[in-house]
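The structure under discussion appears below in the form of structure tokens.
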Amino acid sequence: MAEIVLNNLAHSYLPNPESEQEFALRELTHRWKQGGAYALLGPSGCGKSTLLNIISGLLQPSQGQVLFDGNEVNELSPKERNIAQVFQFPVVYGGMTVFDNLAFPLRNIKAPKAQIKQKVQEVAELMELTDVLKKKANNLSADQKQKISMARGLVREDVSAILFDEPLTVIDPHLKWKLRRKLKQIHEQLNITMLYVTHDQLEAATFADEIAVMYQGKIVQFGTPQSLFEKPNHTFVGYFIGSPGMNFIPVSWEQGECRFGNQTVTLTEQQEAALNATPSTNLKIGIRPEFVQLATSQERIEHSLQAECIHIEDYGTYSLATLMLDEHKIIMRVEEGERIAIGHVSIHFPNESLKLYIDEYLAGEVVSE
Amino acid sequence: MNKTPNNKAWWLVLPVFLLVAFSALIPLMTVVNYSVQDIFDQNTAYFVGIEWYQEILQDERLRESLFRQFGFSFAVLAIEIPLGIFVALTMPKQGWQASVSLILLALPLLIPWNVVGTIWQVFARGDIGLFGWGLNSLGVDYNYTANSVDAWLTVLLMDVWHWTSLVALLCYSGLRAIPEAYYQAAQIDRASSWSIFRYIQMPKLKGVLVIAVLLRFMDSFMIYTEPFVLTGGGPGSSTTFLSQTLAQMAIGQFDLGPAAAFSLIYFLIVLLLSWLFFTTITHMDKDKS
Chain Z
632 MAEIVLNNLA HSYLPNPESE QEFALRELTH RWKQGGAYAL LGPSGCGKST
682 LLNIISGLLQ PSQGQVLFDG NEVNELSPKE RNIAQVFQFP VVYGGMTVFD
732 NLAFPLRNIK APKAQIKQKV QEVAELMELT DVLKKKANNL SADQKQKISM
782 ARGLVREDVS AILFDEPLTV IDPHLKWKLR RKLKQIHEQL NITMLYVTHD
832 QLEAATFADE IAVMYQGKIV QFGTPQSLFE KPNHTFVGYF IGSPGMNFIP
882 VSWEQGECRF GNQTVTLTEQ QEAALNATPS TNLKIGIRPE FVQLATSQER
932 IEHSLQAECI HIEDYGTYSL ATLMLDEHKI IMRVEEGERI AIGHVSIHFP
982 NESLKLYIDE YLAGEVVSE
Chain L
317 MNKTPNNKAW WLVLPVFLLV AFSALIPLMT VVNYSVQDIF DQNTAYFVGI
367 EWYQEILQDE RLRESLFRQF GFSFAVLAIE IPLGIFVALT MPKQGWQASV
417 SLILLALPLL IPWNVVGTIW QVFARGDIGL FGWGLNSLGV DYNYTANSVD
467 AWLTVLLMDV WHWTSLVALL CYSGLRAIPE AYYQAAQIDR ASSWSIFRYI
517 QMPKLKGVLV IAVLLRFMDS FMIYTEPFVL TGGGPGSSTT FLSQTLAQMA
567 IGQFDLGPAA AFSLIYFLIV LLLSWLFFTT ITHMDKDKS
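Each protein sequence line maps, in turn, to chains Z and L.
Residue 644 in the numbering used here sits at position 13 of the first sequence, with consecutive numbering throughout.
Residue 591 in the numbering used here sits at position 275 of the second sequence, with consecutive numbering throughout.
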């Protein structure tokens, strides 16, 4: 069990990387606390697996340090780091029985026989593999094999951390849900640091206490699922988390007015201050579909925006309306009680939910303790 | 859907039937026919029943030759299979080095059998052959034409040189087919190099090894040209293997009956051993119920 710290870590698969684009992992510093359940979330090719392999020691980083409980482990092999890792596709030792597969990591550390037997039984029960313990691993189905792979990651109790690299890819949806719960349970029981790589936000949110969202080799935001939803730190997080993702509208800042097309948006003081301070012209406002409101009351009408509703999709308990705000398309979530029709609508962006992004990063937020 | 019974469809099987008949059944039956007759010339033959079989099984020369053959095939497998695996494990995995070693390994396989025999016949000579001359100048008393142990070892060495590449290439392709994740998982599970070999590489190699062992067993069990060119079966009959004995009997002495009877026994031995080997290996994978 260990706290894992990454210090100025960066990695490139090329021997002499020249531009930032050639880095699979851009310089990052991060701390994973002992006993936490974390998810690394991001699209394919964002560097998730690279980061995982660097932590486990399968890959040497081009620069920076990996620290376990304050000790540098860069030079140590996965063996010496005492890491368990589960891979995306099932790895089973085909010639062996399921029992031998699960016992393999324990036999390699020369654990006493009685302990091996007890531990294997325990994990097999947890993963519902007891019935097949005597079978050859080769003859099982893909999801059974993946369960074996995962169980092998769980048999050693003294590991520094368990890393999961999209372990549920090959498993069918029903079982996926069950196994995710199981992992969560195991985490609560064993108090081991767990790092879970996935590109599925739901999977990340149900497994992890805190999620690191990765984009183009960087961790762009690290926080609870709620904070990722309410306060996306980067336009990518806004777009990637939530379904549908956040609406973004490019804006301009002229003479104290935030404008797009011929509409004006009211911002908070902090946001205006941030706009005054920046020379950048890459300015966007963002709002989640859930927070866009129909302008009905008098107060809202004063700050309302005029839009054209062009499409409504009914999902039963709510609908999603596509609105044209000048030439920008935005999505609005309409609850069951509210009414909306194709044609002209007045909408309103509540100040606390309207976010400002300068150069793709969140700006002008009230700093809260 | 209704199936229409149409017995004319049997005609569609006819080409295959003819092909198998002419390529295998009829020649085999000819041999069976010879084996139960005593043939003097084209028009004079007597039916003798199983007499030839009885005689063959008593024949001292054939029995010796059979034992020699088993010894040779066993030695070939015992050397070439482990050596081939070892070569495949040490070969470079990528880059130009991999291509070069692949080409070098493939070369011996491209040389015709009797050329291999000739190469080694010259190579192993004590007066002008590099190998024989080298051994002699190192003080080793080596002469494959006079000493039967030397002759035996030379034939064995020649076969190893010629065919280890086949085993190595098969194993190499098998090893390349193992996904990287297996090695990574093994590292994570703290497997030793021996465990990686025993539990990851060997099980994945099993398929190609079955083929390699079968091919090498059958080929070495039927070896003819190479020792024939190299030693002519001598000195004495120390390197006379089964097929050569058989050829002498059939063509040299024109003993068609006994030769045919022995061919069949020969064929059955190869078939039986291959079948035994194959079924044992394939049964090892099944679960004990």
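Note that the Cβ used here is the ideal one computed from N, Cα and C, for glycine as well.
(1) Select from Z:724, Z:685 and Z:718 the residue whose C-alpha is nearest the C-alpha of residue 709 (chain Z).
(2) Could you check whether the Cβ of residue 709 (chain Z) sits closer than 7 Å to any Cβ belonging to chain L?
(3) Leaving aside the five residues before and after residue 667 (chain Z) along the sequence, list all residues of the same chain whose C-beta is less than 7 Å from its C-beta, in chain order.
(4) Using DSSP with H/G/I as helix, E/B as strand and the rest coil, what is residue 982 (chain Z)?
(5) Taking only beta-carbon positions, decide if residue 528 (chain L) is within less than 7 Å of chain Z.
(6) Which same chain residues, not among the five before or five after residue 790 (chain Z), have their C-beta less than 7 Å away from its C-beta?
(7) Would you say the region 359 to 375 of chain L touches the region 576 to 587 of chain L, given that touching needs at least three Cβ pairs under 8 Å?
(8) For the beta strand (DSSP E) that residue 524 (chain L) lies in, which residues bound it at each end?
(9) So which residues of chain Z does residue 506 (chain L) contact, with C-beta pairs closer than 7 Å?
(10) Quick check on residue 431 (chain L): buried or exposed, where buried means 16 or more other Cβ atoms within 10 Å of its Cβ?
(11) Who are the near neighbours of residue 527 (chain L) in its chain, counting only those whose CB is closer than 7 Å to its CB and skipping five residues on each side?
(12) Output the distance between the C-alpha atoms of residue 471 (chain L) and residue 406 (chain L), rounded to the nearest integer angstrom.
(13) Output the distance between the C-alpha atoms of residue 554 (chain L) and residue 560 (chain L), rounded to the nearest integer angstrom.
(14) So, using beta-carbon positions, are residue 901 (chain Z) and residue 995 (chain Z) closer together than 7 Å?
(15) Per DSSP, residue 889 (chain Z) is paired with what?
(16) Within a Cβ cutoff of 6 Å, which residues of the same chain sit near residue 785 (chain Z), ignoring the five residues on either side of it in sequence?
(17) Determine the DSSP secondary structure at residue 827 (chain Z), reduced to helix, strand or coil.
(18) What are the partner residues of residue 368 (chain L), as DSSP defines its beta bridges?
(19) Among all the DSSP beta bridges, which residues are the ones paired with residue 360 (chain L)?
(20) Would you say residue 689 (chain Z) reaches chain L, if we count a Cβ-Cβ gap shorter than 7 Å as a contact?
(21) Just grab the DSSP bridge partners of residue 345 (chain L) for me.
(22) Would residue 772 (chain Z) be called buried (16 or more neighbouring beta carbons within 10 Å of its own) or exposed?
(23) So which residues of chain Z does residue 519 (chain L) contact, with C-beta pairs closer than 9 Å?
(24) Taking 8 Å as the cut-off, does the region 494 to 501 of chain L touch the region 408 to 423 of chain L (at least 3 CB pairs, one atom from each stretch)?
(25) Please determine, among Z:740, Z:846 and Z:703, the residue with the shortest C-alpha to C-alpha distance to residue 654 (chain Z).
(26) For residue 888 (chain Z), which residues from the same chain have a beta carbon less than 7 Å from its beta carbon, with the 5 sequence-adjacent residues on both sides left out?
(27) Could you round the C-beta distance between residue 659 (chain Z) and residue 850 (chain Z) to whole angstroms and report it? I think they count as a contact, below 8 Å.
(28) Measuring only between beta-carbons, confirm whether residue 355 (chain L) sits less than 7 Å from chain Z.
(29) Under 8 Å Cβ to Cβ from residue 552 (chain L), same chain only, skipping five residues before and after it: list those, please.
(30) Looking at the secondary structure, which residues open and close the beta strand (DSSP E) in which residue 689 (chain Z) lies?
(31) Consult DSSP for residue 430 (chain L) and reduce its assignment to one of helix, strand or coil.
(32) Going by alpha carbons, who is nearest to residue 893 (chain Z) out of Z:936, Z:860, Z:687 and Z:915?
(33) Suppose contacts are defined by Cβ-Cβ distances below 7 Å. Is residue 852 (chain Z) in contact with residue 868 (chain Z) by that definition?
(34) How many Å lie between residue 605 (chain L) and residue 534 (chain L) at the Cα?
(35) Report the three-state DSSP secondary structure of residue 651 (chain Z) (helix, strand or coil).
(36) Can you pull the DSSP bridge partners for residue 478 (chain L)?
Once the coordinates are examined:
(1) Z:685
(2) yes
(3) 824, 840 and 841
(4) helix
(5) Answer no: the Cβ-Cβ gap between residue 528 (chain L) and chain Z never drops below 7 Å.
(6) 713, 714, 715 and 823
(7) yes
(8) Segment 518 to 537 is the alpha helix (DSSP H) holding residue 524 (chain L); no beta strand (DSSP E) there.
(9) What residue 506 (chain L) touches in chain Z: 710, 736, 739 and 740.
(10) exposed
(11) 486
(12) 26 Å
(13) 12 Å
(14) yes
(15) Residue 889 (chain Z) pairs with Z:884 and Z:896.
(16) 754
(17) Residue 827 (chain Z): strand per DSSP, three-state reduction.
(18) In DSSP, residue 368 (chain L) forms no bridge with anything.
(19) L:357
(20) yes
(21) Per DSSP, none; premise fails for residue 345 (chain L).
(22) exposed
(23) 724, 725, 726, 727 and 769
(24) no
(25) Comparing Cα-Cα distances from residue 654 (chain Z) to each of Z:740, Z:846 and Z:703, the minimum goes to Z:846.
(26) 895
(27) 6 Å
(28) By this cut-off, residue 355 (chain L) is not an interface position.
(29) Its chain contains 464 as the residues whose beta carbon lies nearer than 8 Å to that of residue 552 (chain L), once the 5 sequence neighbours on both sides are disregarded; these appear in chain order.
(30) Careful: residue 689 (chain Z) lies outside any beta strand (DSSP E) and carries neither H nor E.
(31) helix
(32) Z:936
(33) yes
(34) Only weak support exists for where residue 605 (chain L) lies, its pLDDT of 48 falling under 50; the value from the coordinates is given anyway. If you take the alpha carbons of residue 605 (chain L) and residue 534 (chain L), they lie about 33 Å apart.
(35) helix
(36) In DSSP, residue 478 (chain L) forms no bridge with anything.
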